[in-house]
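To keep things clear, I will list the structure first and then write my remarks on it.
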Amino acid sequence: MARHNLRTVVAFEFTRTIKKRRFWIATLAIPVLLGIVFGLVFASSSATQSRSEAQKNQTLEFTYTDASGLIDPKLATAMGGTVEQDPASAVDRVREGTLNAWFNFPADVSKEPVHVYGTDQGIFKNGSYDAVAKQLVVVSAQEKVGSAELTAAVQGKFSTDSQTFKNGEPSGGLDTVVPPLLFLVLFYVVIILLANQMLASTLEEKENRVTEMILTTLNPTTLVVGKVISLFLVGAVQALVFATPMLLGYVFFRDELALPDFDLSNLQFQFGPMLFAVLLFVGGFILFTGVLVGIGAVMPTAKDASAVFAPVMIMMFIPFYIVTMIVSDPGSMIVQIFTYFPFTAPITALLRNAFGSLTAVAAIIVIVELFVFGVLALRVAVHLFRYGSIEYSRKLSLRAAFAKKA
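This is the structure in structure tokens:
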């Protein structure tokens, strides 16, 4: 019977939530905005690419003087340049607009600057003068060196293949960090999106004055647990809706949107860190849900609950103030405190787990702590809901509620 009631509560809460118009407005608002942004970026990228292609087919007309003897006349001509016959008047002619641009290459470009003069073409196009002047020096130097290998070495245009080791085994670098780090992102998305739902899950019945009728047919534990499970399912729906446009944009429009090209095939899903990430995520979810449901059970209205709601949510973001210390100095005292303090533990531990500084022993301690405090928070929330469900006009007294239990 209890199992049937739990299934009924989960189905009812889940269906009631996803049938609400405001739920879909809030859920679809971000994907729609992302779609609009992607569309604007795509249109802007296409226009920029068209202009770039058009500019590639145009040469920049300029004259130049070369005191260094470094500039190759053939390359300069190919890039649109001609030797300046009257350097003394070149600047005046550029100022008057009768000469497009003049480049004055000094005797030693390593010690003196190349003086570039050009007619104003706008703040963005003006950069083309410097770019052409530098490119002309580079390609002329390459021509004189006569060796592509030496040129690449001098310019630093070569790749490296790095390998690091941890505990005698090759470490995967970012390829091992990204997969467990996704659970940190998912934790933030789920909690932030569902925080108001968690808070309102018990407040709604109180404000509608229907709690007494519900509790005549349902056990408070069944009701609260059913609400928690339904919240998790609602969060899964929202996460799926949010992820869909980003995945479609990455797979089909990565180049147009200028998204970084990650080789997902190199990602390493290590069993230990992934298992710890899942358990930390679930434990943190249970803890925050239990606390927020308990707040809803104590407060008579959402307005009253918001005063307590804000500090709880702020504790989720505190670890990011020391994120560099968490990554670079995980043994420091403040990081250790944040690792084991229940309300900062999920974020801190998920970060340390992803970057490989959370030992198996520490991970197990944090996971057990989160589940214990999470279950305790749910039990307290059930008790508070039992005695606070009929307090419609004033906040439930915690002393009175626990005195009744005793």
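Throughout, our numbering is defined as the position within the sequence shown, counted from one, plus 3. Even glycine gets a Cβ: it sits at the ideal position worked out from N, Cα and C.
Residues near residue i in its chain [Cβ-Cβ closer than 7 Å; skip 5 each side]
i    : result
D111 : S71
K23  : none
G229 : L9, V12, V13, E16
D133 : V119
T347 : M318, I321, P322, F341
V227 : V296, L381, A384, V385, F388
S131 : L63
R355 : I329, P333, T342, L361
T225 : A5, N8, L9, V12
R19  : none
L282 : I370
L379 : none
Own chain residues within Cβ distance below 6 Å of residue i, not counting five before or after
i    : result
L73  : S143
I368 : none
M4   : Because M4 sits at a pLDDT of 47, beneath the cut-off of 50, its placement in the model cannot be relied upon, and the point is left open.
I289 : G377
L196 : Q241
R91  : The residue asked about is misnamed: residue 91 is Ala in this sequence, not Arg. Within the same chain, A91 has no close Cβ partners at all.
S113 : none
G84  : F65, Y67
S331 : none
Burial state of residue i (16 or more Cβ within 10 Å)
i    : result
F274 : exposed
K200 : Sequence check: residue 200 is Gln here, not Lys. So Q200 counts as buried.
K77  : exposed
Y324 : exposed
W105 : buried
A280 : buried
A81  : exposed
V193 : buried
A239 : exposed
V135 : buried
I126 : exposed
I298 : buried
V338 : buried
N2   : It is not possible to answer for residue 2, since the shown part of the chain is limited to 4 through 409.
Y395 : Per-residue confidence for Y395 stands at a pLDDT of 49, beneath the threshold of 50, marking its modelled position as unreliable; the derived number appears in the next sentence. Exposed, since its Cβ has fewer than 16 Cβ neighbours within 10 Å.
Assigned secondary structure, residue i (DSSP; H/G/I helix, E/B strand, else coil)
i    : result
F358 : coil
V375 : helix
G38  : helix
F245 : helix
D121 : At residue 121 the sequence reads Gly, which differs from the Asp that was named. Three-state result, G121: strand.
A70  : coil
T85  : strand
F346 : coil
N107 : strand
E99  : helix
Beta-carbon separation (whole angstroms), residue i vs residue j, contact threshold 8 Å
i    : j    : result
P183 : P333 : So it is not a contact: roughly 15 Å between Cβ atoms.
L139 : A79  : 6 Å
D75  : E152 : D75 to E152, Cβ: 20 Å. No contact.
E412 : T68  : Residue numbering for the chain in the displayed model covers 4 to 409; residue 412 lies beyond these limits and cannot be assessed.
F284 : F374 : Contact doesn't hold; Cβ gap of about 12 Å is too wide.
T417 : Q271 : For the chain, the structure presents residues 4 to 409; residue 417 sits outside this window and is missing.
A366 : A352 : 7 Å
L234 : T292 : 6 Å
V237 : I21  : 7 Å
P345 : E372 : 6 Å
V301 : V315 : Not a contact, Cβ separation roughly 13 Å.
I370 : G286 : 6 Å
Neighbourhood of residue i by C-beta, 8 Å cutoff - its chain only, sequence neighbours within 5 removed
i    : result
N103 : L63, E64, F65, V97, G121, T122
V244 : T30, L31, P34
P116 : P109
F312 : A198, L202, L295, I298
W27  : I21
A409 : Unreliable positioning characterises A409 in this predicted model, as indicated by a pLDDT of 46, which lies under 50. A coordinate reading is not provided.
Proximity test, residue i beta-carbon vs the ligand SAM heavy atom, cut-off 7 Å
i    : result
S113 : Here there are no bound small molecules, and the ligand SAM is not part of this structure.
**OP:** Report the residue ranges of all alpha helix (DSSP H) runs contained in full by the segment 271-344; include only those spanning at least 4 residues, in chain order.
**Re:** 274-301, 305-320, 326-331, 336-343
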